[in-house]
Each structure stands twice: as C-alpha cells, then as structure tokens.
Amino acid sequence: LSNSCRQSILNNQLFRGPNKIILTLDDLVFINPELHRKRLTLDSLTDANSIAVKSRSLKSVTRSASLKSTVATHETSNVALYEGDWVWLKKFEMGEGHNLRQSSTSILRKMKDLRHENVNLFLGFFSDCGIFAIVTEYCSRGSLEDLLRNEDMKLDWMFKSSLVMDLIKGIRYLHHQDFAHGRLKSRNCVVDGRFVLKITDYGYNEILEAQKCPYIQPSPEELLWTAPELLRDPDMCRKGTFKGDIYSFAIILQEVFARGPPYCTSQLSAEEIIKKVKKPPPLCRPNIAPEVAPLTCLQVMKQCWAEVPERRPTFEEVFHKFKTINKGKKTNIIDSMLRMLEQYSSNLEDLISERTAELEAEKQKTEKLLSQMLPPSVAEALKTGGTVEPEYFDQVTIYFSDIVGFTSISALSEPIEVVDLLNDLYSLFDAVLGNHDVYKVETIGDAYMVASGLPKRNGNKHAAEIANMCLDILSSVGTFKMRHMPDIPLRIRIGLHTGPCVAGVVGLTMPRYCLFGDTVNTASRMESTGLPYRIHVSQSTVDTLRSLNEGYEIIPRGKTELRGKGVEETYWLVGKKGFLKPLPKPPEIKQG
Numbered sequence: 169l170s171n172s173c174r175q176s177i178l179n180n181q182l183f184r185g186p187n188k189i190i191l192t193l194d195d196l197v198f199i200n201p202e203l204h205r206k207r208l209t210l211d212s213l214t215d216a217n218s219i220a221v222k223s224r225s226l227k228s229v230t231r232s233a234s235l236k237s238t239v240a241t242h243e244t245s246n247v248a249l250y251e252g253d254w255v256w257l258k259k260f261e262m263g264e265g266h267n268l269r270q271s272s273t274s275i276l277r278k279m280k281d282l283r284h285e286n287v288n289l290f291l292g293f294f295s296d297c298g299i300f301a302i303v304t305e306y307c308s309r310g311s312l313e314d315l316l317r318n319e320d321m322k323l324d325w326m327f328k329s330s331l332v333m334d335l336i337k338g339i340r341y342l343h344h345q346d347f348a349h350g351r352l353k354s355r356n357c358v359v360d361g362r363f364v365l366k367i368t369d370y371g372y373n374e375i376l377e378a379q380k381c382p383y384i385q386p387s388p389e390e391l392l393w394t395a396p397e398l399l400r401d402p403d404m405c406r407k408g409t410f411k412g413d414i415y416s417f418a419i420i421l422q423e424v425f426a427r428g429p430p431y432c433t434s435q436l437s438a439e440e441i442i443k444k445v446k447k448p449p450p451l452c453r454p455n456i457a458p459e460v461a462p463l464t465c466l467q468v469m470k471q472c473w474a475e476v477p478e479r480r481p482t483f484e485e486v487f488h489k490f491k492t493i494n495k496g497k498k499t500n501i502i503d504s505m506l507r508m509l510e511q512y513s514s515n516l517e518d519l520i521s522e523r524t525a526e527l528e529a530e531k532q533k534t535e536k537l538l539s540q541m542l543p544p545s546v547a548e549a550l551k552t553g554g555t556v557e558p559e560y561f562d563q564v565t566i567y568f569s570d571i572v573g574f575t576s577i578s579a580l581s582e583p584i585e586v587v588d589l590l591n592d593l594y595s596l597f598d599a600v601l602g603n604h605d606v607y608k609v610e611t612i613g614d615a616y617m618v619a620s621g622l623p624k625r626n627g628n629k630h631a632a633e634i635a636n637m638c639l640d641i642l643s644s645v646g647t648f649k650m651r652h653m654p655d656i657p658l659r660i661r662i663g664l665h666t667g668p669c670v671a672g673v674v675g676l677t678m679p680r681y682c683l684f685g686d687t688v689n690t691a692s693r694m695e696s697t698g699l700p701y702r703i704h705v706s707q708s709t710v711d712t713l714r715s716l717n718e719g720y721e722i723i724p725r726g727k728t729e730l731r732g733k734g735v736e737e738t739y740w741l742v743g744k745k746g747f748l749k750p751l752p753k754p755p756e757i758k759q760g
C-alpha cells in the first residue's frame with residue numbers, strides 16, 4: 169500500500185505542480201518561425217546594454233508582435249513560450265504506443281534534477297496531439313557550430329578557451345551525475361545570450377532506448393564525432409559511453425581550434441572517413457596546424473581521440489589539464505563576459521566599417537552607371553529628388569548612323585551572334601567618343617545617335633566635334649570584322665544635321681534623356697538617304713564647318729529628296745586636312 173501511494177504521488181507530480189514534467193498545449197504558446205528568426209537577428213546585434221535588458225526586450229518583442237504573426241502551431245514550430253520564457257522543443261518519433269514507460273519517467277525525473285550553468289536546463293516533456301518533444305531552455309546564439317561558422321564573429325584565444333572550458337565543465341558535471349551523453353557534437357552545444365556554452369540533448373538516447381523508438385541510421389556526416397569502438401558496435405552506439413564522449417570532445421576541439429567542420433583539411437568524403445576510422449590502420453584523425461592553439465591543448469586533444477578507449481583521459485583529468493594550461497587562473501564568467509563584449513563591440517565596429525565601405529563602393533558603381541545613362545547634371549538632379557526642366561539649345565549638331573543590310577545580316581545570324589556584333593561595334597564607337605566633346609544619346613537596334621553642343625554648350629565647335637568623330641568612326645569601321653562573318657565587310661552610313669532642339673528627361677520608372685525638334689528628324693533623314701561608307705551632311709552643317717575654316721573636305725551630292733522635307737541640297741564629308749587615318753572606299757555612285 170505504501171509503494172502504491174508513493175507511486176500515485178509521483179505520477180501526480182508528473183502532470184501537476186510547479187515542477188511538473190509532462191507538458192501539453194495548455195502549457196505552451198508556439199511561436200511563428202519568422203518571429204524566431206527575427207529574434208536571432210536581434211540577438212546577433214546585441215551589445216553590452218542589451219544583456220541587462222534581455223528579458224525586458226524579449227517581452228516587448230513578444231507584446232509588439234500581432235497575435236497573427238506570433239502564434240504558430242505545434243506542428244510547424246520548434247519554438248514556444250513557457251511561463252513567459254522562450255523554450256526549444258526537440259521532437260522525435262515515439263514508436264509503438266504513445267504512453268511514457270516507467271523507465272522513461274525515471275530518466276525524465278533524473279534530467280529534471282540536473283542543475284549546472286553549462287548544462288541546458290531540461291524543463292519538461294511535451295506530449296500532446298501525437299507530438300513528442302524534449303523541452304529545454306532556448307539559447308539565442310544558436311549552436312556552437314553556428315558560432316564557429318559565422319565569419320563575421322571574430323574569436324580570439326580567450327573566447328575559444330572560455331567556450332572549451334564551459335564544454336568541459338558541462339560534460340564533467342553530466343559524467344559525475346552518471347549521464348553518458350552519447351550524441352556530443354558542436355551542434356548539441358548551444359550558446360546563450362551571454363555567450364555561455366551549455367550542453368543539450370543529454371538523456372536523448374536513454375529516452376529513445378526506454379521507449380523502444382525505431383532506430384534511424386545516422387548519415388556519415390552525423391557520425392564524424394563518433395568514437396571508433398562505437399562505430400563497430402551499433403548497440404553500444406545507441407547508448408553512448410563516457411569514453412565515447414571524450415572522443416567526441418576531441419573532435420569538437422578540432423572544430424574550435426581550426427574554426428572548421430570535422431576533418432576540414434581532409435579531401436576524403438564523410439563516408440570514406442567513417443570507413444577508415446572504423447577499420448584502422450592507418451589511424452584516421454583530423455590534421456590541424458600547430459599554430460592554431462597552444463601545444464598542450466593539441467596534446468590533450470590527441471590523447472582524447474586515442475584509438476584505445478582506456479588510454480583516453482577522463483573529463484576530470486581534462487578539466488585539471490586545462491586549468492594548468494590557464495596557469496591556474498579561474499575563469500571568472502563576469503570578467504570573461506566583459507572582455508568578450510568589449511571584443512564583440514570592437515568586432516561590430518569593424519564589421520560596420522567594412523559594410524559601410526562596401527556600401528560606398530556599390531554607391532559609386534551605381535552613380536557611375538547612372539552618369540553613363542544620363543548627363544551628370546541631370547543625374548545629380550534626379551538623385552536629389554529635383555525636377556529636370558526641358559532645355560532649349562539654339563545650335564547643336566546631331567549624328568545618326570546605322571548598319572547597311574542589317575536586316576539581311578540578322579536573318580543569316582543567330583540572335584546571340586547579332587548581340588555580339590552590336591556589342592563589339594558599339595564598344596568600338598564608345599571608345600572613339602571618348603576623344604571628342606560629344607554626348608551619346610541612345611542606341612536603338614542598329615541605329616546610333618550622338619549629339620554635340622548639349623547638354624554642355626560648346627559655342628560653334630559642335631559641328632567640328634561631330635565631323636572629327638565621324639571620320640574616326642568611319643576609319644575604325646573600315647577594319648572592323650564580324651566574329652561570325654569575318655569575310656563580309658560591315659558597312660555603315662552616316663547622316664549629320666545642325667540646328668536647334670529641346671532636350672529633356674522623359675519617364676519616371678526608366679527616365680531617358682531625349683532630344684526633340686525638327687533637327688532630330690532631319691538628321692535621321694540624312695542618315696536614311698545616305699550611302700554606305702559615306703558621311704551625308706546637310707547645308708546647315710556645311711555652313712557651320714566652313715565658317716570654322718579647319719580644312720574639311722566637302723563635295724556636293726546635289727539635290728536630295730528628304731521624306732517630309734522636300735528636295736534639299738546635300739553634301740558628302742570625305743576628309744579633313746591633316747587627317748591621315750585610312751578611310752574605307754565607298755561604292756561608286758550610279759547616276760540616276
């Protein structure tokens with residue numbers, strides 16, 4: 169009767185009271201994974217002040233989120249609120265039957281009694297709606313693996329040794345409480361908001377064993393921390409051993425010292441490594457550079473991964489060896505935290521400076537690209553949110569050119585070949601433009617449009633700048649070869665006209681600097697009525713060039729029908745005094 173009463177009291181304590189172990193949906197409020205990720209981001213930017221107000225800021229975050237964005241379901245989230253604190257749920261399959269066995273409740277009670285600053289606190293066992301999970305404290309910094317892989321987090325030796333000492337003290341405590349972890353790896357070591365490392369997932373193997381849960385074979389990547397004797401004995405591997413934990417600790421040391429995954433310097437796959445570890449010789453262990461840690465630490469690490477389990481030290485011995493390495497100094501958690509936060513603040517400043525420099529570089533790239541698409545004055549006005557009023561220019565010279573027979577070339581070419589052709593040709597033109605006071609307005613298909621005298625006025629030099637540019641372009645085209653048709657000459661025709669026009673920015677989504685007026689239309693007609701390898705010039709352009717008296721060679725073409733303009737006298741620009749570059753020979757003009 170006494171035993172029966174005692175058992176009844178123990179069963180009631182499982183479900184009721186302040187120290188109950190079995191938790192249900194009535195006890196937990198599940199948190200949306202999106203809010204969980206925001207919390208991680210907030211904590212990653214935490215400074216020294218935020219540690220003092222951790223719980224307060226957490227509650228404010230929770231209160232500020234709407235019910236819709238905060239609350240999730242037990243099926244979709246592993247994060248929940250329990251008695252006002254964030255908790256993490258480690259879910260697993262229960263196997264046959266959904267009731268906790270007597271042996272399982274004994275293990276859970278034993279886990280509930282564990283108390284150590286480097287052991288993640290076990291809060292209860294969630295069992296409801298077919299979901300089963302171990303509930304532990306939520307650690308905002310994530311796992312040790314996450315911390316080591318975060319390249320933005322600078323870890324000096326003081327930081328690393330503090331984490332390692334936390335790990336040693338946590339496992340040492342578990343072993344003193346007769347708990348063999350059996351699943352020790354860097355992702356089962358979590359780091360809280362104060363950068364204190366805590367061991368988690370302890371007791372997991374015992375629960376699975378007691379409940380007779382189905383065994384899921386771990387992947388080779390998951391077995392890299394497993395001792396060789398456990399790899400050879402699957403039954404023992406499920407339970408874990410004290411000496412096996414020592415081996416796993418050694419692999420974690422390699423991760424911390426090298427800041428890389430297990431066997432990070434090996435070229436072998438995880439599967440090949442497991443085979444070699446399982447069946448030596450030769451002995452397969454991680455290679456690590458001697459300068460990454462003190463020599464004594466590396467010696468302890470190698471002792472811990474010894475092939476023969478009996479030759480590995482205990483965690484009590486490892487603890488005292490690391491105290492010797494630290495010259496007997498006690499690791500004061502407050503001092504370590506202050507040093508760490510000071511370093512973290514410095515690292516954050518460096519990171520902000522680095523990101524600011526990257527942002528400035530991207531800004532300069534964007535501004536350079538914008539200045540290539542729009543005149544600098546226009547681009548600057550648009551950047552500052554100003555308006556760009558249309559501007560009248562009384563005298564400009566406009567250039568148009570296109571490729572003769574472009575439709576036929578396109579029909580005989582692949583689309584990518586046409587793109588390559590235009591890119592090569594216009595890159596050649598752009599290089600020429602850099603030597604003259606001209607502004608490239610736009611390209612449409614095979615048409616190329618340039619102006620001089622705008623957006624920056626240059627007196628009456630606009631016609632000369634365009635004329636000089638035309639001769640240079642024509643000379644360059646004479647030697648240009650198409651990649652896919654190298655034997656076929658590429659011929660262009662050019663038209664010029666001088667007169668007034670209006671320039672302005674059109675559009676908001678993709679603003680363009682456009683020219684308007686009869687001068688633009690006339691220049692386009694001069695190009696379309698021109699001939700291959702010839703520069704077709706209007707009367708107004710000829711008058712401006714002759715007024716400069718710079719030796720331009722101009723010959724009359726005669727009367728030319730310009731669509732929409734009627735018949736006008738036009739000319740050919742064929743050279744300039746002192747211009748010595750070769751020009752391609754144009755085809756003969758047939759009378760009529």
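Residue numbers for the sequence shown, in this note's numbering: 169 to 760.
Even for Gly, the Cβ is constructed at its ideal location relative to N, Cα and C.
Since we're looking at a predicted model, the values are computed, not measured.
| For L642 versus I571, is the C-beta distance shorter than 8 Å? | The residue labelled residue 642 in the question sits at position 474 within the sequence shown. The residue labelled residue 571 in the question sits at position 403 within the sequence shown. Contact: no.
| In chain order, which beta strand (DSSP E) runs of at least 3 residues are fully inside the region 641 to 714? | 660 to 674, 680 to 684, 703 to 706
| What span of residues does the alpha helix (DSSP H) with R269 cover, start to end? | In the sequence shown, the residue the question calls residue 269 occupies position 101. Taken as a continuous stretch (DSSP letters only), R269 belongs to no alpha helix (DSSP H), as it is neither H nor E.
| query | From D413, K446, R453, K444, pick the residue whose C-alpha is nearest to that of P430; which is it? | reply | Indexing the sequence shown from 1 puts residue 430 at position 262. Of D413, K446, R453, K444, the residue nearest in Cα terms is R453.
| From the DSSP output, which residues share a beta bridge with L391? | For the purposes of this step, residue 391 is taken as the residue at position 223 of the sequence shown. DSSP, once it has assigned bridges, lists no residue as partnering L391.
| message | Quick check on the DSSP output: what are the complete alpha helix (DSSP H) runs of length 4 or more inside the region 517 to 560, in order along the chain? | response | 544 to 551
| Own chain residues within Cβ distance below 8 Å of K753, not counting five before or after | The sequence position of residue 753 within the sequence shown is 585, counting from 1. Correct list, in chain order: Y701.
| request: Identify, in the order they occur along the chain, each residue of the same chain with its Cβ nearer than 6 Å to the Cβ of D139, setting aside the five sequence neighbours on each side. | output: Since the first residue shown for the chain is 169 and the last is 760, residue 139 is missing from the structure and cannot be characterised.
| message | Taking the alpha helix (DSSP H) that M469 belongs to, which residues open and close that run? | response | Here residue 469 refers to the residue found at position 301 of the sequence shown. Residues 463 to 472.
| Where the alpha helix (DSSP H) through Y341 begins and ends | Numbered from its first residue, the sequence shown carries residue 341 at position 173. Residues 325 to 344.
| As assigned by DSSP and simplified to three states, the class of L751 | If you number the sequence shown from 1, residue 751 lands on position 583. Correct three-state label for L751: coil.
| field | Reduced DSSP category for Y594 - H, G, I as helix; E, B as strand; rest coil | value | Numbered from 1 along the sequence shown, position 426 holds the residue referred to as residue 594. Of the three classes helix, strand and coil, the one that applies to Y594 here is helix, per DSSP.
| query | Buried or exposed: which applies to Y560, given that a residue is buried once 16 or more other Cβ atoms fall within 10 Å of its Cβ? | reply | As a working note, residue 560 is residue 392 in the sequence shown. So Y560 ends up on the exposed side.
| field | C-alpha distance - K353 paired with F417, whole-angstrom precision | value | Within the sequence shown, residue 353 is the residue found at index 185, counting from 1. Within the sequence shown, residue 417 is the residue found at index 249, counting from 1. Looking at the two C-alpha atoms, the distance is approximately 7 Å.
| Three-way DSSP call (helix, strand, coil) for I584 in this model | Taking the sequence shown and counting its residues from 1, one reaches residue 584 at position 416. Note: I584 maps to helix in three-state DSSP.
| said: Measuring only the C-alpha atoms, how far is E736 from D711? | reply: Numbered from 1 along the sequence shown, position 568 holds the residue referred to as residue 736. Numbered from 1 along the sequence shown, position 543 holds the residue referred to as residue 711. Spanning the two alpha carbons is a distance of roughly 14 Å.
| query | Got a sec? Which residues, its chain only, sit under 6 Å from E633 by beta carbon, not counting five neighbours each side? | reply | Position 465 of the sequence shown holds residue 633. For E633, where only same-chain residues beyond five positions count, the Cβ hits under 6 Å are H604, D605, V606, S620.
| query | Can you tell me whether DSSP reads Q435 as helix, strand or coil? | reply | On the sequence shown, residue 435 is found 267 positions in, with the first residue counted as 1. Here Q435 sits in coil by DSSP.
| So, helix, strand or coil for S311, using DSSP? | If you number the sequence shown from 1, residue 311 lands on position 143. Of the three classes helix, strand and coil, the one that applies to S311 here is strand, per DSSP.
| query | Does the pairing of the region 525 to 539 with the region 613 to 628 give three or more beta-carbon distances under 8 Å? | reply | no
| Taking the alpha helix (DSSP H) that A579 falls in, what are its first and last residues? | For the purposes of this step, residue 579 is taken as the residue at position 411 of the sequence shown. That run of the alpha helix (DSSP H) goes 574 to 579.
| In three-state DSSP terms, what is M617? | The count along the sequence shown starts at 1 and reaches residue 617 at position 449. The answer is strand: DSSP assigns M617 an E or B state.
| field | Boundaries (first-last residue) of the beta strand (DSSP E) holding Y160 | value | Since the displayed the chain opens at 169 and closes at 760, residue 160 lies outside it and no answer follows.
| request: Keeping to the same chain, check which residues put their C-beta closer than 8 Å to that of I339; ignore five residues upstream and five downstream. | output: Start at 1 with the first residue of the sequence shown, and residue 339 comes out as number 171. These residues qualify, in order along the chain: H349, L352, I367, D413, F417, F483.
| Alpha carbon of K236 to alpha carbon of E285, nearest angstrom | Here the question's residue 236 lines up with position 68 in the sequence shown. Here the question's residue 285 lines up with position 117 in the sequence shown. Any reading at K236 must be qualified, since the residue scores a pLDDT of 43, below 50, and its modelled position is unreliable; no value is offered.
| query | Between V476 and K489, is the Cβ-Cβ spacing less than 8 Å? | reply | Stepping through the sequence shown from its first residue, residue 476 is reached at position 308. Stepping through the sequence shown from its first residue, residue 489 is reached at position 321. No.
| request: Could you give the DSSP three-state label for D413: helix, strand or coil? | output: Position 245 of the sequence shown, counting from 1, holds the residue named residue 413. It is helical.
| field | Member of M650, L282, W393 whose CA lies at the smallest distance from the CA of L342 | value | Here the question's residue 342 lines up with position 174 in the sequence shown. Residue L282 is the option with its Cα nearest to L342.
| message | Pairs of beta-carbons, one from the region 382 to 391 and one from the region 304 to 324, closer than 8 Å: are there three or more? | response | no
| Per-residue burial, W256 [other beta carbons within 10 Å of its own, 16 or more giving buried] | Residue mapping note: residue 256 aligns to position 88 of the sequence shown, counting from 1. Buried: at least 16 other Cβ atoms inside 10 Å.
| message | Are the CB atoms of E695 and I723 within a distance shorter than 8 Å? | response | Position 555 of the sequence shown, counting from 1, holds the residue named residue 723. Position 527 of the sequence shown, counting from 1, holds the residue named residue 695. No, Cβ-Cβ distance for I723 and E695 is not below 8 Å.
| If L289 and T273 are in contact, beta carbons under 8 Å, what's the gap, nearest whole angstrom? | Taking the first residue of the sequence shown as position 1, residue 289 is located at position 121. Taking the first residue of the sequence shown as position 1, residue 273 is located at position 105. Not really, about 19 Å apart at Cβ, beyond 8 Å.
| field | Status (buried if at least 16 other CB within 10 Å, exposed otherwise) for E374 | value | Here residue 374 corresponds to residue number 206 of the sequence shown, with the count starting at 1. Counting Cβ neighbours within 10 Å, E374 comes out buried, since at least 16 surround it.
| Pair within 8 Å by beta-carbon distance, L622 and V564 | Here residue 622 is taken as the residue at index 454 of the sequence shown, counted from 1. Here residue 564 is taken as the residue at index 396 of the sequence shown, counted from 1. Yes; because the gap between Cβ atoms is below 8 Å, this pair is in contact.
| said: Quick check on DSSP: helix, strand or coil for A301? | reply: Here the question's residue 301 lines up with position 133 in the sequence shown. Here A301 sits in strand by DSSP.
| task | Pull up the distance between the alpha-carbon of R693 and that of H630, whole angstroms please. | result | Position 525 of the sequence shown holds residue 693. Position 462 of the sequence shown holds residue 630. Spanning the two alpha carbons is a distance of roughly 20 Å.
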